[in-house]
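Enquirer:
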Amino acid sequence: MQLRICSGSALRGAVTAPGDKSISHRALLLSALAQGDSTIYGWLPAADCQATLNAVRALGVVVEQHAPGDLIVHGRGLRGLRPPGAQTVLDCQGSGTTIRLLAGILAGYPAVSVLDGHAGLRRRPMERVAVPLRMMGAQVETTNGCPPITIRGGALRAIEYPMPVASAQVKSAILLAGLYAEGETVVHQPGPARDHTERMLRAQGVPIIQHDATVRLMPSEQPLAPLQLTVPADFSSAAFMLVAALLVPNSEVLLRQTNVNPTRTGLLDVLQAMGAPIQVGEVSEQGGEPVADLLVRSAPLRAGQVAGDLVVRMIDEFPIFAVAATQAYGNTVVRDAQELRVKESDRIAAVATELRKMGARIEEQPDGFVVEGPVTLRGAHVDSHGDHRLAMALVVAGLVAHGETVVQGCEVIGDSFPDFVPMMRQLGAAIEEI
Ligand code: S3P
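In terms of this note's numbering, the sequence shown is residues 1 to 434.
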């Protein structure tokens, strides 16, 4: 699917971003393991979360879907899943969160499970979860470090694990396996990766504590309590509208009740440091997470610096951040972000390649990039590289560019934000499918 974007119109209005993708995956998986029925509202009906829904059903869990985002999950208890065995592959499609979190759960089952996905997922590194799960006693085979992966689980022992990369998926896989392990599981994080798994497990009654960068989990004597949860709006989806409103002249956009969990809002911090007038409203709680209205107006930006702990706090926002940087005065420098090379695309190379086609001055580094701004972007034919966040970032770049932009490969937007185009149009963006 190709999208044609014309620049010029200001963005105005109030919208609510779709449900948080990371929380939607976890809500389903943890409801499946609960004893009793969970109700989930505002679940994200996007392709990645659908992969988790299909997998959970393939594991014997009954999930009623009353509306695309309203689910009732009939939990089967911690040990009640039914792994289908070596002959049936659990298809995680393109979803890294699905395969890595499921690996952690299935490591606790005395059965053989095979997890695989489509070509994009088959390029993603899996040894990062396989290594700690093996240390816990599971047998895990990867295919040259990638999917398909085969897990023979059961009889796990707890480990104390210093994570080599700051990854919420790895942390979550270890904690989920820890639910089945003997003793206390301890994870030391090199940076503050998103903590949705910890919040949700705590709400289900699992003894789990965090001190600085260390998380400790004791397997629960009690069954996991079912969830009653409304998934908050995804900051990572709101980010595209937020940056678009900042860059398109005369815009003003209200992003209602957006998740502002501090492990997710690095982009907000760096943009505010660059001079962005983003007002954060009163913070309240939804689904165990902090939410607030974000009011954004267009304004000039100065260059910013991103390194260290800030990187993991905005790990999914670099494609759209790079677009913002093309309009900022001075050299914006991103370092310590080598993880970007193993996302849905090599986001350092792909972002640099595509934005350069639009006239951006962007230099690739092994662990990040440098953007020289501001430049007047020119409309061009660009490509998503099969990466939903790159596709949406390029659409936003098209709204700022002079002339017409065509982004090809936009069907992947449905991986995380199926309503992106209608929501952008609602704000006044001129985007059409061709
Ligand atoms: C996610 C964690 C991050 C993020 C991904 C979602 C999660 O991945 O990039 O989009 O839901 O735990 P890593 O854990 O690989 O950094």
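For glycine and all other residues, C-beta sits at the position ideal for the given N, C-alpha and C.
Is the beta carbon of V375 less than 8 Å from the beta carbon of A360?
Expert: Here residue 375 corresponds to residue number 375 of the sequence shown, with the count starting at 1. Here residue 360 corresponds to residue number 360 of the sequence shown, with the count starting at 1. A contact, by the Cβ cut-off of 8 Å.
Enquirer: Shortest alpha-carbon distance to P290 belongs to which of R12, G13, I434, I23?
Expert: Along the sequence shown, read from residue 1 onward, the residue named residue 290 stands at position 290. Checking every option, the nearest Cα to that of P290 belongs to I23.
Enquirer: Which partner residues of S113 appear in the DSSP bridge assignment?
Expert: Taking the first residue of the sequence shown as 1, we reach residue 113 at position 113. DSSP, once it has assigned bridges, lists I151 as partnering S113.
Enquirer: Between L101 and S236, what straight-line distance do the alpha-carbon atoms span, to the nearest angstrom?
Expert: The count along the sequence shown starts at 1 and reaches residue 101 at position 101. The count along the sequence shown starts at 1 and reaches residue 236 at position 236. Spanning the alpha carbons of L101 and S236 requires a straight line of approximately 20 Å.
Enquirer: Helix, strand or coil: which one does DSSP assign to S172?
Expert: Within the sequence shown, numbered from 1, the residue matching residue 172 stands at position 172. The answer is helix: DSSP assigns S172 an H, G or I state.
Enquirer: By the three-class DSSP mapping on this structure, what secondary structure does R79 have?
Expert: Here residue 79 is taken as the residue at index 79 of the sequence shown, counted from 1. Of the three classes helix, strand and coil, the one that applies to R79 here is coil, per DSSP.
Enquirer: Give a single yes or no on whether S24 has its beta carbon closer than 7 Å to a heavy atom of ligand 3.
Expert: Because ligand 3 does not appear in the structure shown, any question about it cannot be addressed here, the ligands present being ligand 1.
Enquirer: Is the stretch 248 to 265 touching the stretch 205 to 213 in the sense that three or more CB pairs, one from each, lie closer than 8 Å?
Expert: Cβ pair count under 8 Å is below three, so no.
Enquirer: On the premise that L156 lies in contact with A107, defined as a C-beta separation below 8 Å, what is that separation, rounded to the nearest angstrom?
Expert: Taking the sequence shown and counting its residues from 1, the one referred to as residue 107 is at position 107. Taking the sequence shown and counting its residues from 1, the one referred to as residue 156 is at position 156. Right, the Cβ-Cβ distance comes to about 6 Å (below 8 Å), so this counts as a contact.
Enquirer: Taking the continuous beta strand (DSSP E) assigned at Q286, which residues delimit it?
Expert: Position 286 of the sequence shown, counting from 1, holds the residue named residue 286. 284 to 286 is the span of the beta strand (DSSP E), which, as asked, contains Q286.
Enquirer: Given that a residue counts as buried once 16 or more other Cβ atoms are within 10 Å of its Cβ, and exposed if not, what is S95?
Expert: By 1-based counting over the sequence shown, the position of residue 95 is 95. Answer is buried; the Cβ neighbour count reaches 16.
Enquirer: A276 to A245, Cα distance in whole Å?
Expert: Taking the first residue of the sequence shown as position 1, residue 276 is located at position 276. Taking the first residue of the sequence shown as position 1, residue 245 is located at position 245. Answer to the nearest angstrom: the Cα atoms are 10 Å apart.
Enquirer: Grouping DSSP H, G and I as helix and E and B as strand, with all else coil, what is N259?
Expert: For the purposes of this step, residue 259 is taken as the residue at position 259 of the sequence shown. Strand.
Enquirer: Three or more beta-carbon pairs under 8 Å between the stretch 342 to 353 and the stretch 265 to 285, yes or no?
Expert: no
Enquirer: Considering only C-alpha positions, which residue in the set E411, L81, Q257, V131 is nearest to V112?
Expert: Numbered from 1 along the sequence shown, position 112 holds the residue referred to as residue 112. Of E411, L81, Q257, V131, the residue nearest in Cα terms is L81.
Enquirer: Could you tell me whether the stretch 317 to 332 touches the stretch 366 to 386, using the rule of 3 or more Cβ pairs below 8 Å?
Expert: Two segments are said to touch when three or more pairs of C-beta atoms, one from each, lie closer than 8 Å; by this definition the stretch 317 to 332 touches the stretch 366 to 386.
Enquirer: Output yes or no for whether 8 Å exceeds the beta carbon distance between I99 and L115.
Expert: Position 99 of the sequence shown, counted from the first residue, corresponds to residue 99. Position 115 of the sequence shown, counted from the first residue, corresponds to residue 115. Yes, the Cβ-Cβ distance between I99 and L115 is below 8 Å.
Enquirer: Does the Cβ of S298 lie closer than 7 Å to at least one heavy atom of ligand 1?
Expert: Taking the sequence shown and counting its residues from 1, one reaches residue 298 at position 298. Outside the cutoff, so no.
Enquirer: Work out the CA separation of V270 and V215 for me, nearest whole Å.
Expert: Residue mapping note: residue 215 aligns to position 215 of the sequence shown, counting from 1. Residue mapping note: residue 270 aligns to position 270 of the sequence shown, counting from 1. Roughly 26 Å separates the two Cα atoms.
Enquirer: Less than 6 Å between C-beta atoms, sequence neighbours within five positions excluded: which residues of the same chain meet that for A217?
Expert: The residue labelled residue 217 in the question sits at position 217 within the sequence shown. The sequence given here places Leu at residue 217; Ala does not occur at that position. Around L217: L175, G178, T185, I208.
Enquirer: Just curious, the beta strand (DSSP E) that R361 is in, first and last residue?
Expert: As a first step, residue 361 must be located in the sequence shown, where it is residue number 361. Element bounds for R361: 361 to 365.
Enquirer: Let me check you understand the geometry: is the CB of R194 closer than 7 Å to at least one non-hydrogen atom of ligand 1?
Expert: Against the sequence shown, residue 194 aligns to sequence position 194. Taking 7 Å as the cut-off, the C-beta of R194 counts as close to a heavy atom of ligand 1.
Enquirer: Out of curiosity, what's the CA-to-CA distance linking E160 and D316?
Expert: Walking along the sequence shown from the start, residue 160 turns up at place 160. Walking along the sequence shown from the start, residue 316 turns up at place 316. Rounded to the nearest angstrom, the two C-alpha atoms are 28 Å apart.
Enquirer: Are there any heavy atoms of ligand 1 lying less than 7 Å away from the beta-carbon of H385, as far as the coordinates show?
Expert: Taking the first residue of the sequence shown as 1, we reach residue 385 at position 385. Checking every heavy atom of ligand 1 against the Cβ of H385, none is found closer than 7 Å.
Enquirer: Where DSSP assigns a beta bridge to Q65, which residues make up the other side?
Expert: Locating residue 65 in the sequence shown gives position 65, where the first residue counts as 1. Paired residues: L71.
Enquirer: Expressed to the nearest angstrom, what Euclidean distance is found between the alpha-carbon atoms of V89 and I149?
Expert: Residue 89 sits at position 89 when you count from the first residue of the sequence shown. Residue 149 sits at position 149 when you count from the first residue of the sequence shown. Their backbone Cα atoms lie some 10 Å apart in a straight line.
Enquirer: On the DSSP letters alone, give me the boundaries of the alpha helix (DSSP H) that E433 sits inside.
Expert: By 1-based counting over the sequence shown, the position of residue 433 is 433. From DSSP, E433 is part of no alpha helix (DSSP H) but of the beta strand (DSSP E) over 430 to 433.
Enquirer: Rounded to the nearest angstrom, what separates D48 and P110 at their Cα positions?
Expert: Taking the sequence shown and counting its residues from 1, the one referred to as residue 48 is at position 48. Taking the sequence shown and counting its residues from 1, the one referred to as residue 110 is at position 110. The straight-line gap separating the alpha-carbon atoms of D48 and P110 is approximately 27 Å.
Enquirer: Take G368 and list the residues in its own chain whose beta-carbon comes closer than 6 Å to its own, dropping the five residues that flank it on each side.
Expert: Residue mapping note: residue 368 aligns to position 368 of the sequence shown, counting from 1. Closer than 6 Å at the Cβ level, and outside the excluded window around G368, lie V334, R335, A337.
Enquirer: Any heavy atom of ligand 1 inside 7 Å of the beta-carbon of V215?
Expert: On the sequence shown, position 215 is the one that residue 215 refers to. Remark: the shortest separation between the CB of V215 and any heavy atom of ligand 1 does not fall under 7 Å.
Enquirer: Excluding the 5 residues flanking T332 on each side, which residues of the same chain have their C-beta closer than 6 Å to its C-beta?
Expert: Here residue 332 refers to the residue found at position 332 when the sequence shown is read from its first residue. So the list reads A303, G304, A325, V371, once near-sequence residues are dropped.
Enquirer: Note down the Cα distance separating L3 from G183, rounded to an integer number of angstroms.
Expert: The residue given as residue 3 occupies position 3 in the sequence shown. The residue given as residue 183 occupies position 183 in the sequence shown. Taking the straight line from one Cα to the other gives about 53 Å.
Enquirer: Look at P219 and A181 and say whether their C-beta atoms are less than 8 Å apart.
Expert: Reading the sequence shown from its first residue, position 219 is the one you call residue 219. Reading the sequence shown from its first residue, position 181 is the one you call residue 181. Cβ distance < 8 Å, so P219 and A181 count as in contact.
Enquirer: L11 by DSSP, collapsed to three states: which one?
Expert: Position 11 of the sequence shown, counting from 1, holds the residue named residue 11. Residue state, collapsed to three classes: coil.
Enquirer: Find the nearest neighbour of D234 within the set A158, Q228, R256, N250, judged by alpha-carbon distance.
Expert: In the sequence shown, counting from the first residue as 1, residue 234 sits at position 234. Cα-wise, what sits closest to D234 is R256.
Enquirer: Short of 6 Å in beta carbon distance, which residues of its chain neighbour K247, apart from the five on each side in sequence? Order them along the chain.
Expert: Position 247 of the sequence shown, counting from 1, holds the residue named residue 247. Strictly speaking, residue 247 in this sequence is Leu, with Lys absent from that position. Within the same chain, L247 has close Cβ partners Q327, V400.
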